[in-house]
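Chemist: I am attaching a structure below and will ask some questions about it afterwards.
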Amino acid sequence: MSEIKFISENKINIGTNSKILLRKFTRPSTLISLGLLFLIIFCALFASILAPTNPYDLKVVSILDSRLSPGDKMLNGTVAWLGTDGAGRDVLSAIIFGLRTSLVVAISSAVIALIAGLFVGLIAGFYGGKIDAFLMRIVDIQLSFPAILVALVLLALLGKGIDKVIIALAIVQWAIYARTVRAAAIVERNKEYIQAASCLGLSNSLIIWKHLLPNSISPLIVLATLQTAHSISIEATLSFLGVGVPITEPSLGSLISNGFDFILSGAYWITFFPGLMLLATVAAINIFGDQLRIILNPRVNR
Amino acid sequence: MVIKNLLEIDDLNIRFMSDQETVNAVRDVSITLSSGEVLGIVGESGAGKSTIGNAIVNLLDAPGEIVKGKVIFEGQNLVGMDDKAMRTIRGKKIGMIFQDPQTSLNPIMTIGNQLIETIRFTKDIDDVSAYNEATELLESVGIDNPKLRMKSYPHQFSGGMRQRVVIALSLAGNPDLIIADEPTTALDVSVQSQILELIKSLCKKRRLGVIIITHDIGVIANIADRVTVMYNGSIVETGLVRQVLLSPKHDYTKSLIAAVPRSDIKLKRFQSIDFIEGNTHRNKRINLDNHWLGEKLNQKKSAKAISVIDLNKEFILKNSILFKNRIYLKAVNNVSFDINKGESFGIVGESGSGKSTIARLIAGLIKVDTGSIKIFDQEVVNNKNRGEVINSQRDVQMIFQDPYSSLNPRMKVQDIIAEPIKFYKTASDDNMIIEIVSDLLNHVGMSKADLLKYPNQFSGGQRQRISIARALASRPKILICDEPTSSLDVSVQAHILNLLKDLQDELGLTMLFISHDLPVIRQMCDRVAVMRKGNICEINTTENIFNKPKHSYTKELISLIPKIESVN
């Protein structure tokens with residue numbers, strides 16, 4: 001018989017997790033989407049510095065520059081790399097500023113919806129029974145209407161303005177978060193550490209806050225990224241339909257609709273480039289969300 | 001005819017390689033098996049016993065690989081054999097029985113079709129003779145009315161019946177060797193003994209070679225002819241069951257056998273089990289007079305810690321708007337008992353007997369339907385005064401079965417144990433909390449260095465120690481242990497049971513101990529209640545329950561305990 005090494009029971013396996021995480025993070029698809037995402041956010045944050053011109057400064061914008069093709073020089077000497085629109089605004093600058101509006105609307109509505117959904121989902125998952133049934137029926141009703149329809153009706157009621165769009169988008173989205181959190185919360189609620197906590201005499205709100213919330217939140221991280229992309233496109237649709245953000249603060253959607261009148265007369269760039277940007281943004285966020293799902297899933301260890 | 005060397009494993013080495021580490025799961029293992037013989041492979045989790053079973057039939061999970069060694073079955077080396085050739089052996093020459101009968105049967109096929117399919121796969125016969133053979137097989141594994149049962153689906157069978165079907169399936173190809181991996185672990189004790197009896201008789205009747213892989217020494221004692229003890233990938237001892245179990249040679253075997261709770265006599269502690277978790281000694285006793293745990297411990301005068309009268313609890317199995325269409329399960333049916341202060345009271349019963357429900361009712365985790373529960377003479381059922389209830393419930397703390405889900409994975413050990421202290425404000429400042437927490441950890445046999453770790457960095461036994469420390473942190477007077485060791489290895493179980501005994505001694509705790517495992521109950525409890533289907537059959541002192549059982553069900557349970565002492 002060979003020599004036997006007797007190990008004690010407390011063999012610990014630390015360090016390997018962070019290694020796997022790092023390896024997952026450095027895969028090409030993750031890095032590319034992450035890079036693109038950073039670029040987009042960077043552009044949006046520093047729009048006023050990065051943009052060649054300020055498209056909303058009426059002193060600079062001249063009607064004489066209208067509908068220049070990509071690469072032409074404007075009156076003040078700057079080159080309009082992506083052309084100009086019907087009012088003589090530089091499309092590149094408009095996109096960079098529009099990106100900012102789009103992201104602000106999408107992210108803030110996602111955050112509001114997440115908090116509301118988290119609250120409802122945790123309550124429903126923790127208490128179960130009638131409370132759960134009641135809340136989930138509201139969620140069902142909410143989800144049975146097409147998101148765009150609900151948003152349209154809400155905006156018709158609320159009126160125009162960025163804040164109104166954010167509220168409308170949050171109302172459209174909270175139900176998805178609520179349902180996801182509830183599912184996670186029900187699984188956690190039946191685990192013994194929750195029972196141990198109630199054995200200690202902790203109040204329900206404390207149990208929800210300290211024990212249930214931290215353990216139910218991880219599926220939301222992925223959902224929130226994907227939903228942000230979703231709300232960018234809903235917002236773009238609303239703006240395209242003319243009920244979205246006000247004309248003074250155009251988003252990618254309103255830029256697309258702005259150029260729609262000229263698309264048949266050959267000035268494709270006014271619509272095309274904002275559309276391309278919208279596609280790139282949504283795709284980057286979606287791919288990143290997908291990668292995040294793989295990274296956070298402990299079962300995929302490749 | 002006895003084939004001398006039906007299976008011969010020679011110098012088998014298996015390793016699992018990953019980026020982080022290489023695990024030598026099996027090292028230099030040699031085993032021989034003759035036909036008509038039952039060989040038991042016993043060991044604790046991680047010993048490599050299942051890996052050997054899988055390696056024999058080439059079912060090693062990636063990244064496992066056989067580094068060297070031979071598996072010679074009927075003169076053929078199975079190592080390195082290609083999949084096609086292996087398929088003619090697996091299922092036909094070698095049958096397999098797995099742990100969970102729930103998952104090893106296809107839920108959407110009738111038992112009959114599954115049997116016929118397997119028979120036709122192994123033999124070249126038509127449907128009618130396959131059908132006849134299937135019914136014969138079902139009959140031979142002790143299923144009544146085989147013709148009728150052929151049409152049933154797996155969910156229409158109980159766990160034990162399902163395992164019989166799995167055995168019938170493994171016999172379908174008329175194999176020479178059966179590998180049974182924990183065949184009775186998921187079953188109740190009464191079913192377990194029937195299944196073991198069946199495997200044993202089939203082995204003798206059909207001249208099969210059987211390898212039983214198990215963690216349970218009681219199973220080995222019941223069924224095996226020879227036993228191989230494994231530890232950490234290597235064989236430490238092989239021999240006749242009688243010889244190995246009654247006069248073990250190796251230190252590991254000795255401590256493993258010492259750790260198995262005995263059902264014949266009550267020992268004060270488990271002795272000589274320091275082999276495995278050797279470094280978890282508690283270095284001092286708790287003296288209640290000057291210890292934090294004893295502070296303000298207002299001694300209750302009542303002699304009865306818990307008094308339960310006519311307790312009832314129903315669960316709705318099938319809901320319906322019409323009341324008469326609802327189907328209820330009476331989980332607890334008119335149960336009454338008293339637990340005296342400082343006593344260890346056991347509740348024993350098979351799964352579904354309602355014993356865990358009682359624990360949860362007393363701990364206030366689920367609502368009582370009717371009846372009364374008094375904790376130190378304080379009624380807690382339907383008591384409008386919330387303060388009184390919370391105060392009483394605080395005296396009762398629970399230790400749960402599954403150490404992997406009973407600790408919040410996102411909290412540090414320090415915060416987990418400090419939670420009740422902070423909540424009840426029983427410490428004056430943060431430094432004192434840390435001091436108390438590390439002292440408690442020390443008393444459950446863990447070190448101060450563990451304070452900042454997360455639960456996933458610990459083994460099952462260590463997590464259970466943390467759970468115990470958390471329960472103690474609210475200064476309970478009653479500890480409810482709901483199957484506290486049933487998911488732990490036997491040596492770890494012995495350590496945890498010793499710890500609970502010590503703590504009870506030192507703190508004068510009252511204990512309600514719930515288990516399906518009679519020997520564990522025997523070691524832990526002063527008095528025992530035997531439960532069946534929501535009713536209490538018998539309450540008596542442990543000595544009387546085990547030596548002079550009155551109720552027929554108790555007698556049956558006692559007679560079914562697998563005993564090491566009764567090796568044939």
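So the protein sequences, as listed, match chains A and B. All the letters of the first sequence, read from the start, carry residue numbers 1 to 302 under our numbering. All the letters of the second sequence, read from the start, carry residue numbers 1 to 568 under our numbering. Virtual Cβ for every residue (Gly too), placed ideally from N, Cα, C.
Just how far apart, CA to CA, sit VAL38(B) and PHE73(B)?
Modeler: Answer to the nearest angstrom: the Cα atoms are 16 Å apart.
Chemist: In whole angstroms, what is the alpha-carbon distance linking SER34(B) and GLY53(B)?
Modeler: Straight-line Cα distance between these residues: approximately 16 Å.
Chemist: What separation, rounded to the nearest whole angstrom, lies between the Cα atoms of THR304(A) and LEU158(A)?
Modeler: Nothing about residue 304(A) can be read from this structure; chain A reaches only from 1 to 302.
Chemist: Roughly how many angstroms lie between the CA atoms of ILE375(B) and THR541(B), to the nearest whole one?
Modeler: Taking the straight line from one Cα to the other gives about 22 Å.
Chemist: Assuming LEU149(A) is part of the alpha helix (DSSP H), what are its boundary residues?
Modeler: Looking at the DSSP string, the run of the alpha helix (DSSP H) that includes LEU149(A) is 147 to 158.
Chemist: By how many angstroms is the C-alpha of ILE112(A) removed from the C-alpha of LEU255(A)?
Modeler: Straight-line Cα distance between these residues: approximately 26 Å.
Chemist: Quick check: the Cα distance between ILE213(B) and LYS550(B), rounded to an integer number of angstroms?
Modeler: Going by the C-alpha atoms only, they are around 35 Å apart.
Chemist: Does DSSP classify THR271(A) as helix, strand or coil?
Modeler: Helix.
Chemist: Helix, strand or coil: how does DSSP classify ARG137(A) here?
Modeler: ARG137(A): helix per DSSP, three-state reduction.
Chemist: Alpha carbon to alpha carbon, what distance is there between CYS525(B) and LEU135(A)?
Modeler: Approximately 47 Å, taken between the alpha carbons.
Chemist: With contact counted as at least three CB pairs below 8 Å, one residue from each stretch, are the region 256 to 270 of chain B and the region 529 to 541 of chain B in contact?
Modeler: Too few Cβ pairs lie closer than 8 Å, so no.
Chemist: With C-beta atoms as the reference, is ASP482(B) less than 8 Å away from ALA305(B)?
Modeler: For ASP482(B) and ALA305(B), no; Cβs fall outside 8 Å.
Chemist: Applying a beta-carbon distance threshold of less than 8 Å, which residues of chain B neighbour ASN204(A)?
Modeler: Within chain B, no residue comes near ASN204(A); the closest Cβ sits about 13 Å away, beyond 8 Å.
Chemist: DSSP on ILE265(B), reduced to helix/strand/coil?
Modeler: Correct three-state label for ILE265(B): coil.
Chemist: Cβ of PRO219(A) less than 8 Å from any chain B Cβ?
Modeler: Not an interface residue.
Chemist: Just the Cα atoms here: how many angstroms apart are SER438(B) and ALA427(B)?
Modeler: Distance between the alpha carbons of SER438(B) and ALA427(B): 13 Å.
Chemist: Could you check whether the Cβ of ILE294(A) sits closer than 8 Å to any Cβ belonging to chain B?
Modeler: ILE294(A) does not count as touching chain B.
Chemist: Taking DSSP's pairing of strands, which residues face LEU26(B) in a bridge?
Modeler: The amino acid occupying residue 26(B) in the given sequence is Val; Leu does not appear at that position. For VAL26(B), which the question treats as bridged, DSSP gives the partners ILE14(B).
Chemist: What first and last residue would you give for the alpha helix (DSSP H) that runs through VAL120(A)?
Modeler: First-last of the alpha helix (DSSP H) with VAL120(A): 91 to 127.
Chemist: For LYS555(B) and LEU509(B), which I take to be in contact (beta-carbon distance under 8 Å), what is that distance rounded to the nearest angstrom?
Modeler: About 31 Å; that fails the 8 Å criterion.
Chemist: Skipping 5 residues on each side, what residues in its chain have a beta carbon closer than 7 Å to that of PRO248(B)?
Modeler: Same-chain partners within the cutoff: GLU237, LYS254, ILE257.
Chemist: Give me the chain B residues within the contact set of LEU200(A), using Cβ-Cβ distance strictly less than 7 Å, ordered along the chain.
Modeler: The answer, in chain order, is GLU419, PRO420, PHE423, SER474.
Chemist: Less than 8 Å between C-beta atoms, sequence neighbours within five positions excluded: which residues of the same chain meet that for LEU560(B)?
Modeler: So the qualifying residues of the chain are VAL189, SER190, GLN192, SER193.
Chemist: Using only CA atoms, which one of ARG179(A), LEU154(A), GLY86(A) lies nearest to GLY117(A)?
Modeler: It is ARG179(A).
Chemist: Would you grab the beta carbon distance between ALA418(B) and ILE433(B) for me? Rounded to a whole angstrom, and I think it's under 8 Å.
Modeler: Their Cβ separation, rounded to whole angstroms, is 5 Å, which keeps ALA418(B) and ILE433(B) in contact under 8 Å.
Chemist: Using a Cβ-Cβ cut-off of less than 7 Å, give me the residues of the region 182 to 199 of chain A that come near chain B, in sequence order.
Modeler: Against chain B - using a Cβ distance shorter than 7 Å - the residues of the region 182 to 199 of chain A are LYS191, GLU192, TYR193, GLN195, ALA196, SER198, CYS199.
Chemist: Excluding five sequence neighbours on each side, which residues of the same chain lie with their C-beta closer than 6 Å to the C-beta of VAL229(B)?
Modeler: Hits under 6 Å: VAL42, VAL236, GLU237, THR253.
Chemist: Under a three-way DSSP split, which group does VAL244(B) fall into?
Modeler: Correct three-state label for VAL244(B): helix.
Chemist: May I have the straight-line CA-CA distance separating ILE536(B) from HIS215(B), to the nearest angstrom?
Modeler: The alpha-carbon atoms of ILE536(B) and HIS215(B) are separated by roughly 31 Å.
Chemist: In whole angstroms, give me the CA-to-CA distance for LEU75(A) and SER66(A).
Modeler: Taking the straight line from one Cα to the other gives about 10 Å.
Chemist: Got a sec: is the Cβ-Cβ distance from ASN258(A) to anything in chain B below 8 Å?
Modeler: Not one chain B Cβ lies under 8 Å of ASN258(A).
Chemist: What do you get for HIS155(B), buried or exposed, if any count of 16 or more other CB atoms within 10 angstroms of its CB means buried?
Modeler: Exposed.
Chemist: Looking at the structure shown, is ALA258(B) part of a helix, part of a strand, or coil, going by DSSP?
Modeler: Note: ALA258(B) maps to helix in three-state DSSP.
Chemist: Beta-carbon within less than 8 Å of LYS453(B)'s beta-carbon, same chain only, minus the 5 sequence neighbours each way: which residues are those?
Modeler: These residues qualify, in order along the chain: LYS412, VAL413.
Chemist: How is the alpha helix (DSSP H) around THR542(B) delimited, first residue to last?
Modeler: Segment 542 to 547, the alpha helix (DSSP H) holding THR542(B).
Chemist: Who are the Cβ neighbours of GLN462(B) in its own chain at under 7 Å, not counting the five residues just before and after it?
Modeler: Cβ neighbours of GLN462(B) beyond the five flanking positions: MET446.
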